[in-house]
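Below: the structure, in structure tokens.
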Amino acid sequence: MAKISALPSWKLFISQLKNCSTVAESSSGRSKVWLIECCGQRQQFTVVWIQGIATQCSNDDNTIYLDDGTGRATVRCGTLPSQCDKLTTGQYGMVIGELLETDESPTIRAIKMQDLGTVPRASDLWKLEVIDMNLAYLIHEGQQQLL
1085 MAKISALPSW KLFISQLKNC STVAESSSGR SKVWLIECCG QRQQFTVVWI
1135 QGIATQCSND DNTIYLDDGT GRATVRCGTL PSQCDKLTTG QYGMVIGELL
1185 ETDESPTIRA IKMQDLGTVP RASDLWKLEV IDMNLAYLIH EGQQQLL
């Protein structure tokens, strides 16, 4: 299996993570394959990409709570590569990682994190990116069914 950091990430709102279900665990047992349903179509993914504001950081800097306006996720960042800076409280940023749990506060193990505070209108653009990715997938799947 490919390294987790080499897998494509699926852009989702935090509220969407709550509706994901586990499909399988990889043979190594390290990562899970998840399923999300959108407009009657199902998509499997292993890596998720979310963006939001870091509302709280733990004292040991290993846990960050990220809010995107649709929900709040717990981000575990203790295993981030040393070249990745961790978000601090109040920063707007992106997190790419493995979805671990899908309860009221979905939990993600971060494999990449980046401050996007200097990107103009990053929050507004993010909403459009998520919608665009989901629509593009639906259109692609619809075309495949016609073939």
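In our numbering, the protein residues as written are 1085 to 1231.
For each residue, glycine too, the CB sits at the ideal point set by N, CA and C.
Per the Cβ contact rule, the region 1128-1138 is in contact with the region 1166-1183 (3 or more Cβ pairs under 8 Å). Contact between T1173 and C1141 holds, with the beta-carbon distance rounding to 5 Å and staying under 8 Å. Between A1157 and I1120, the C-beta spacing is not below 7 Å. Comparing alpha carbon positions, the residue from W1118, D1152, E1182 closest to V1214 is D1152. Nearest to T1147 by alpha-carbon distance, out of K1095, I1192, L1200, is I1192. Beta-bridge pairing by DSSP links T1172 to no other residue. In the DSSP secondary-structure assignment, L1183 is bridged to I1192.
According to DSSP, D1151 shares a beta bridge with I1137, R1156.
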